[in-house]
Amino acid sequence: MPSPPSTLLVGDVGGTKTVLALASVGPQGVELHRESVARLESPAFPHLRELVAHYLATQSGPRPQGACFGVPGPVLGGSCRTTNLPWELEPGELAASLGLEKVLLINDVAALAWALARPPLPSHRVLRPGSPMAGTPKLVAAVGTGLGAAVVAEGPEGPVVLPTEAGHCDFSPKTPEDWELAVWLRAQVGNVSYEHLVSGPGLSRLYRYLAGESPDPGFVQAPDPAAWVVHRADRDPTCDRAVRLGVRYLGSALGDLALVSLPLSGVFLAGSVASGLAPWLGSPQFSQAFQEKGAHQELLARVPVYLLEDPLAPLLGCAYAWLFGETASTAERP
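To get this note's numbering, take the position in the sequence shown, counting from 1, and add 768.
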């Protein structure tokens, strides 16, 4: 593997905002320059290249030679068509337009997973203790604008990060209310996935479904309707019901993913919606939805659940992915 540049641009690209920073990378590890962190509104720019160019124009330090971006969508052949933004990202074009030697694109949740693949782990707190087992996989789930997931497992030569698009798996109704909700939502979005319910827009949909024709004017006017619902859950019965449904659906979705990946080292949650729902994620309702999987309830009862609290973890993950040889494609500037 070629020696990494001494200065690397790292970015966590999201449907709502993009967070950028500079990092030093070398044989001794990674150092994130936290004073260089900037948060930019993604929809305010026509493309990632303009967003990054704007950021670089504000930096007075050494210009980075390369960049690694965690992007919201599957990375195929090194390129990505973002899921919640109208951006086609191709690493060669980005490298050429930004004057960088190399650009690496990885899935945004894979970037978060890479932050867990190398110790020490980013700051986190326990939501459900379980009985963790060292050396087993970790499941990372990011709940924000969308629902993303990745798996971290030990391979023969070190950690392996497996990105997924698991948030787009079909929603599985279980109760009569679930079926009524699925019929209501299918008329709006077509195929109903867990992301349609377990995300910021998903919480908003749950509230609209429950409120019917009479939503609170505060909800209609709120710049962040999901945050409004969570904030009022302790005093508004409709908000409370929406949050509790969202928590149950999140537990069910994570339980399904845990059956696939057996993450006995833990499920690690991240994202603004996960942080907002944290007070409810230690509840019996969440655990019941997580564990109600037939013959494997006892197995899933062992899985701990954590909340990642370092908002810059994806940036560290990008730097580690670059430094330790993430297998995603790179492109050199022509």
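The beta-carbon is built from N, C-alpha and C at its ideal position, and this holds for glycine as well.
DSSP-derived helix/strand/coil call for residue i
| i | result |
| --- | --- |
| residue 831 | coil |
| residue 1142 | Any question about residue 1142 goes unanswered here, given that the chain covers just 769 to 1102. |
| residue 776 | strand |
| residue 943 | coil |
| residue 904 | coil |
| residue 791 | strand |
| residue 1080 | coil |
| residue 786 | strand |
| residue 992 | coil |
| residue 1019 | helix |
| residue 810 | helix |
| residue 1089 | helix |
| residue 884 | helix |
Residues that residue i bridges to, as DSSP identifies them
| i | result |
| --- | --- |
| residue 849 | 856 |
| residue 875 | 839 |
| residue 899 | None, per the DSSP bridge assignment. |
| residue 1037 | 909 and 1075 |
| residue 923 | 926 |
| residue 781 | 786 |
| residue 892 | 1076 |
| residue 916 | 910 |
| residue 1008 | Residue 1008 is not bridged to any residue. |
| residue 931 | 918 |
| residue 844 | 847 |
Buried versus exposed call for residue i [16 or more other C-beta atoms within 10 Å across all chains shown]
| i | result |
| --- | --- |
| residue 942 | exposed |
| residue 988 | exposed |
| residue 1027 | exposed |
| residue 911 | buried |
| residue 921 | buried |
| residue 1011 | buried |
| residue 955 | exposed |
| residue 863 | buried |
| residue 780 | buried |
| residue 938 | exposed |
Contacting residues, own chain, Cβ-Cβ under 7 Å from residue i (five flanking each side not counted)
| i | result |
| --- | --- |
| residue 1042 | 911 and 1075 |
| residue 856 | 849 |
| residue 1001 | 1007, 1008 and 1011 |
Proximal residues to residue i (C-beta, below 8 Å), its chain only, five neighbours per side dropped
| i | result |
| --- | --- |
| residue 774 | 792, 793, 794, 830 and 833 |
| residue 826 | 806 |
| residue 797 | 1091 |
Nearest-angstrom beta carbon gap, residue j and residue i [assumed within contact, 8 Å]
| i | j | result |
| --- | --- | --- |
| residue 842 | residue 836 | That pair is no contact at about 17 Å. |
| residue 1038 | residue 908 | 7 Å |
| residue 1059 | residue 1069 | 6 Å |
| residue 919 | residue 905 | 5 Å |
Residue i at chain C interface by Cβ criterion, 9 Å
| i | result |
| --- | --- |
| residue 1082 | Absence of chain C from the displayed structure is noted, only one protein chain being present. |
Contacting residues, own chain, Cβ-Cβ under 6 Å from residue i (five flanking each side not counted)
| i | result |
| --- | --- |
| residue 808 | 786 and 819 |
| residue 1086 | 778, 836, 838 and 879 |
| residue 883 | 890, 1081, 1084 and 1085 |
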